Structure formats: C-alpha cells, structure tokens
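Enquirer: At position 199 of the sequence shown the residue is numbered 203 (our numbering), and the sequence of numbers has no breaks.
Think of the CB as a built atom: it goes at the ideal place given N, C-alpha and C, for glycine as much as any other residue.
As the structure is a computational prediction, the values presented were derived from the model and not from experiment.
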Amino acid sequence: MKTLIAAFTLLLFCSTVSAQKTKVYTFAETLRGTLTPERTWWDVQRYELAIKPDYNGKSITGSNQIVYKVVGANNGKTRMQIDLQEPLIIDSILYNNKSKLKFEHAGSVWYAHVPEQKLSSTNNVTIFYHGKVHQAKRAPWDGGFIFTADSLGRPWMTVACQGLGASIWYPNKDHQSDEPNLGASLTITVPDTLVAVGNGRLVFKKNNKDRTTTYKYNVVN
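Below, the structure is given as structure tokens:
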C-alpha cells in the first residue's frame, strides 16, 4: 500500500472568470484577456505537458510542447505570446524540437521570438519552466495550488484554476477562444511513494529506476 498519496485534479482547460463586476484589471490581466496580434496568427492544435511537482518545496518543474497551426500572416511580426503566471519562470523555448528561441516577458506574459512561417503550416514550440507555485488562499474562487492532507495525515496536493486560468500552473495560450483541437496529454512524475491523478484517460503508469513513477493521461476535446 502506498504510504503517501498525491492527488492532482489538474484541469488542462480552465477558463478565466471573475465574480467581481467592478474589478479593475491590471496590465498583465488585460494582456491575458485580449486577443493580441501575437496570439491571433496561430491556432493551438495540441498540448503535450510533462511536470514534476515537489510537494515539500511547493514548486514545480516541467515542459509543455505546444503544437499549433499558422492561421494568419504575422505581417513581419515574429513574436508569439505565451502565458505563464508569476512566480513561475520560463527557462528556455525550443522551436520544432531544435532551434533555441529568444524570449522576453512583461509580468506573466511571455513573448517568444519565432521565425516567419508559412500560412497553414504546423509547427511546435516546447517551453521548459520551473518555480514556486502560486498557492490558493481561498480555493476555488481565487485559484492556485492547495496543499493539505487526507484523514490519515498523508499529503494531498491539488490545483484550482477556474478563476485565474490554466497559466497559473503551465505555459499555454490562456484564452477561452482557443482550446487545443487535438486535445492534450498530461505526464506527471512523482516519487514512487505517491500517486498522481489527472483528468482524462490513463495511458500508462511506469515505474522508474530512480524510485519515481510516471503517469500519463490523455484528454480529447
């Protein structure tokens, strides 16, 4: 029997909503909620997300490969908007699995400098990231990670992102208008004393030599 359990109700597609009608939005929130030119030229096809959460360190390390289709000319603009909320940090970005891209950010909005691409072509960027996670103060209304324990005192880690959006825990195009047409996969690696649960169908469970276990889930739209 497992001595610890980590439960992840990880919703890959979380919409950003607000219960406050008179809320004054920050510049970062405005960028995240707007269809900017750096967003509209590409359409998400699939997410391939892999993460390694750290319960004790209250942190996460991971990568997300975004497969996308070029749906509009970027008119010489070679920037691609990626959303990842602070305090998480992007370490590097690869284009089509080989070229390392330059990038910059303004708060929680990141811009990858991509080459010009042909209309209707399909390409991908892989984003590597890490950092301390945003902890929810009043879940699920304010969103973030929740660290608690079950009735037997075993660690229990979940994330709620309905209010803040999915970019609270992984890099993506965080806008309701663009969900991945071909779905997504979620791969979680945890110590072998823990169990990881994600939304979608379990594809495999693999025991690794370093005393970790990897779980992969697939979500189809």
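For a quick check, are the C-beta atoms of Gly111 and Gly147 less than 9 Å apart?
Expert: It is not a contact, given that the beta carbons lie outside the stated cut-off.
Enquirer: Are the CB atoms of Leu53 and Ser171 within a distance shorter than 9 Å?
Expert: No, Cβ-Cβ distance for Ser171 and Leu53 is not below 9 Å.
Enquirer: Quick one: residues in its chain with C-beta nearer than 7 Å to the C-beta of Arg43, no 5 flanking neighbours on either side, listed in chain order?
Expert: Closer than 7 Å at Cβ, skipping near neighbours: Gln85, Lys177, His179.
Enquirer: Measure how close the beta-carbons of Thr238 and His109 come, nearest whole angstrom, since I'm counting them as under 8 Å.
Expert: Nothing can be reported for residue 238: it is not among the residues displayed for the chain, which extend from 5 to 225.
Enquirer: Checking 9 Å against the spacing of the C-beta atoms, do Ser96 and Ile55 come in under that value?
Expert: It is not a contact, given that the beta carbons lie outside the stated cut-off.
Enquirer: Output yes or no for whether 9 Å exceeds the beta carbon distance between Pro57 and Ala164.
Expert: No; because the gap between Cβ atoms is not below 9 Å, this pair is not in contact.
Enquirer: How would you write the range of the alpha helix (DSSP H) that Thr44 sits in, first residue to last?
Expert: Run containing Thr44: 41-44, per the alpha helix (DSSP H) assignment.
Enquirer: Go ahead and pull the three-state DSSP assignment for Ser171.
Expert: Here Ser171 sits in helix by DSSP.
Enquirer: Go ahead and pull the three-state DSSP assignment for Glu120.
Expert: Note: Glu120 maps to coil in three-state DSSP.
Enquirer: Going by the CB atoms, is the gap between Tyr72 and Gln49 shorter than 9 Å?
Expert: Yes.
Enquirer: Measure the CB-CB distance between Lys136 and Leu92 and report whether it falls below 9 Å.
Expert: Result yes, Cβ atoms of Lys136 and Leu92 sit closer than 9 Å.
Enquirer: Would Leu39 be called buried (16 or more neighbouring beta carbons within 10 Å of its own) or exposed?
Expert: Burial call: exposed.
Enquirer: Between the alpha carbons of Val280 and Gly66, how many angstroms are there, rounded?
Expert: In this structure the chain extends from 5 to 225, so residue 280 is not present and cannot be described.
Enquirer: Could you tell me the alpha carbon to alpha carbon distance between Phe208 and Tyr133, rounded to whole angstroms?
Expert: Roughly 24 Å separates the two Cα atoms.
Enquirer: With a Cβ-Cβ cutoff of 9 Å, do His138 and Phe149 count as a contact?
Expert: The answer is yes: Cβ separation under 9 Å.
Enquirer: Within 10 angstroms of its Cβ, does Leu156 collect 16 or more other Cβ (buried), or is it exposed?
Expert: So Leu156 counts as exposed.
Enquirer: Give every residue of the same chain whose Cβ lies closer than 8 Å to the Cβ of Ala153, excluding the five residues on either side of it in the sequence, and list them in chain order.
Expert: Cβ within range, chain order: Pro159, Trp160.
Enquirer: How many Å lie between Tyr51 and Ala77 at the Cα?
Expert: Their Cα atoms are separated by approximately 22 Å.
Enquirer: Excluding the five sequence neighbours on either side, which residues of its own chain have a C-beta within less than 6 Å of the C-beta of Val222, listed in chain order?
Expert: With the sequence shown as reference, residue 222 is identified as Asn, and Val is not the correct amino acid for it. The residues are Ser189, Gly204, Arg205, Val207.
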